[in-house]
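**Student:** Numbering (this note's numbering), first residue to last: 10 to 370. One structure is given below, represented as C-alpha cells, and several questions about it will come after.
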C-alpha cells in the first residue's frame, strides 16, 4: 500500500521504545514518508481522537511502541481515521501487540510492499439516553495517577434525529465498555437487556461488554471466557454480582446489550478501554453493540493466539495429567500438525466455481 503519513504513539517509559522510535523515523525519512509523533499526554488536557488524528495530519498508518495500553490508544486513533495499525511489542503480559522491536523495519517494508493481510477486529460503539458527562468534582480524583482525562464522547450528528433509539455517541472501544460503581459502599443495580428483551436485573460492582479481543482483558479477570479474536461475538460479564447467576453471556454481533440503571442504584461511571468517559444516574441507560467500522491491524504471519495464551497466562500441565507419561507435544503454528492430529485441521475451502460445478452435476 502507499504510505504517505505515519502517526507514531510511543510509551516513553518502556525500555527500547526510544530506539524503536528512531528506527521508525529513519525508515520514514528513507522512504519519503511524513512521520508525526502523536503525544496523547501533551497539553493541559486530553484531546479527542479526531483532534489527535487531525494534529497528526490524518496518517495512513499508526505505529505504536509499547504494550497493550499503548496499542489501545493507537487503535482509537486508527479507527477514527480508518488507518492501518502496527503494534510493536515492548510490553510484558499483553495480547494485542505482536511485532518484536528488532523486526520493526521489516514490518514497515512489508506494509509498504503489500506483503500482508490486514486483520480485521470487531469494535464496540454505544447509544445512550443522554450525552455522557464527567462531573467537575470527579476530575481531580480521576487525574490522580492516570494523567489527563479523556473528554466525553461527542454525539454523532448524523444520527441525532430519525426513528433510531437513543443518542448515538461518536466513540469506539476495541476491548470493552464498562459500567461500574462510583461509591465503594454501594453497588450499582442494572437491568440487562439482550436484543431488547430483559435478561436479568443485577446488583454488582460493574457490568461489562467485551469484544473477542477484549475477552482476555478485564472480562477475563472477572471470570469471563477466553474467546478467539477471530470470532464474532459480544461477551457480557458481571463483576462481583450479588446473585446466584454469575456466568458470562455471549451474544451474536447483531444482539446488542442494553444496560438500564435502576431507580435505587448508585451512580455509575462509563469506561471505554479503561478510560472513564462519563457518569450516568438512575434512570439512564446505554446500549452497546458492534460498531459499523472495524480496526485493521497489521499481521505479518499466522496468529498463534493460543500459543500466546499459554505463554502469557503461564499455563502449565496439571501434574495428574502427566504423572504416568510425558507432556503433550507442542508444534509451531506455521508447521503442519503431527500425523495423529492431522484430521483436526480445518478443511480447505472449496472454490466457488468448483462448488457450482458440483451442484450442476
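Just so it is clear, CB atoms sit at the ideal spot from N, CA and C, and this is done for glycine as well.
1. Return the CA-CA distance between residue 327 and residue 233, expressed in angstroms with no decimal places.
2. Kindly provide the ranges of any alpha helix (DSSP H) runs that are 4 or more residues long and lie completely inside the segment 194-237, ordered along the chain.
3. How about residue 30 and residue 74: are their beta carbons less than 7 Å apart?
4. Mapping DSSP to helix, strand and coil, what is residue 104?
5. Does residue 317 come out as helix, strand or coil in the three-state DSSP assignment?
6. Using C-beta distances below 8 Å, list every residue in its chain close to residue 108, excluding the 5 sequence neighbours before and after it, in chain order.
7. How would you label residue 166, buried or exposed, when you count the other beta carbons within 10 angstroms and need 16 or more for buried?
8. Can you find the residues in the same chain that come closer than 7 Å, C-beta to C-beta, to residue 100, ignoring five residues on each side of it along the sequence?
9. For residue 60, does the three-state DSSP call read helix, strand or coil?
10. For residue 122, tell me which candidate among 246, 11 and 65 has the shortest Cα-Cα distance.
11. Cα separation between residue 266 and residue 319?
12. Going by Cα to Cα distance, which pick from 37, 301 and 146 is closest to residue 14?
13. Residue 23 to residue 72, Cα distance in whole Å?
14. Evaluate contact between the segment 186-197 and the segment 212-230, counting only Cβ atoms and requiring at least three cross-stretch pairs below 8 Å.
15. For residue 269, which three-state DSSP category applies?
16. On a Cα-Cα basis, can you pick out the residue from 254, 19 and 230 that is closest to residue 80?
17. From the DSSP secondary-structure annotation, give me the bridge partner or partners of residue 93.
18. Between which residues of its own chain and residue 352 is the CB-CB distance below 6 Å, once the five residues before and five after are set aside?
19. Run through DSSP, which three-state label would residue 77 get?
20. Please work out which residues of its chain come closer than 8 Å, Cβ to Cβ, to residue 338, disregarding the five sequence neighbours upstream and downstream, and give them in chain order.
21. On the three-state DSSP scale, how would you describe residue 135?
22. Under a three-way DSSP split, which group does residue 84 fall into?
23. In this structure, does DSSP put residue 17 in helix, strand or coil?
24. Among the candidates 238, 315, 32 and 282, whose CA atom is the shortest distance from the CA of residue 181?
25. State the start and end residues of the unbroken beta strand (DSSP E) segment that holds residue 289.
26. If you drop the 5 nearest sequence neighbours on each side, which residues of the same chain put their C-beta closer than 7 Å to that of residue 92?
27. Would you decide whether residue 335 is buried or exposed? Buried here means 16 or more other CB atoms lie within 10 Å of its CB.
28. What is the rounded straight-line gap between the Cα of residue 220 and the Cα of residue 104?
29. Does DSSP put residue 337 in a helix, a strand or coil?
30. How would you label residue 315, buried or exposed, when you count the other beta carbons within 10 angstroms and need 16 or more for buried?
31. Please classify residue 224: is it buried, with 16 or more other beta-carbons within 10 angstroms of its beta-carbon, or exposed?
32. Is the distance from the Cβ of residue 160 to the Cβ of residue 57 below 7 Å?
33. Check the C-beta distance from residue 175 over to residue 136 and give it rounded, since I have them as a contact under 8 Å.
34. For a test of the three-state rule: what should DSSP assign to residue 294, helix, strand or coil?
35. Quick one, are the C-beta atoms of residue 246 and residue 274 less than 7 Å apart?
36. Over what stretch of residues does the beta strand (DSSP E) that includes residue 23 continue unbroken?
**Tutor:** So, to answer that:
1. Annotation: residue 327 to residue 233 spans about 21 Å, alpha carbon to alpha carbon.
2. If only complete runs of 4 or more residues are kept, the segment 194-237 shows the alpha helix (DSSP H) at 227-230, in order along the chain.
3. Yes, they are a contact pair.
4. If DSSP states are grouped into helix, strand and coil, residue 104 belongs with coil.
5. Assignment of residue 317 by DSSP, reduced to helix, strand and coil, places it in the helix class.
6. For residue 108, same chain residues with a beta-carbon under 8 Å away, outside a window of 5 residues either side, are 95, 96, 97, 98, 116, 307 and 309 in chain order.
7. Classified as exposed, residue 166 has fewer than 16 neighbouring CB atoms from the shown chains inside 10 Å of its CB.
8. So the list reads 75, 76, 77 and 106, once near-sequence residues are dropped.
9. DSSP places residue 60 in the helix class (H, G or I) of the three-state scheme.
10. Out of 246, 11 and 65, 11 has the C-alpha closest to the C-alpha of residue 122.
11. Going from the Cα of residue 266 to the Cα of residue 319 covers about 30 Å.
12. Checking every option, the nearest Cα to that of residue 14 belongs to 37.
13. Roughly 15 Å separates the two Cα atoms.
14. Between the segment 186-197 and the segment 212-230 there are three or more C-beta pairs closer than 8 Å, enough to call the two in contact.
15. Strand at residue 269.
16. Out of 254, 19 and 230, 19 has the C-alpha closest to the C-alpha of residue 80.
17. Partner(s): 70 and 305.
18. Close CB contacts of residue 352 within its chain, under the 6 Å cut and outside five residues either way in sequence, are absent.
19. Helix at residue 77.
20. So the qualifying residues of the chain are 347.
21. Of the three classes helix, strand and coil, the one that applies to residue 135 here is strand, per DSSP.
22. Helix.
23. Here residue 17 sits in strand by DSSP.
24. Answer by Cα proximity: 282.
25. Residue 289 -> beta strand (DSSP E) spans 284-289.
26. Answer for residue 92: 68, 69, 70 and 71, listed in chain order.
27. It counts as exposed.
28. Counting only the Cα atoms, residue 104 lies some 13 Å from residue 220.
29. Note: residue 337 maps to coil in three-state DSSP.
30. So residue 315 counts as exposed.
31. So residue 224 counts as buried.
32. For residue 160 and residue 57, yes; Cβs fall inside 7 Å.
33. Contact between residue 175 and residue 136 holds: CB atoms are separated by about 4 Å, below the 8 Å threshold.
34. Reduced to three states, the DSSP call for residue 294 is strand.
35. Not a contact, by the Cβ cut-off of 7 Å.
36. That residue, residue 23, is in no beta strand (DSSP E); it is neither H nor E in DSSP.
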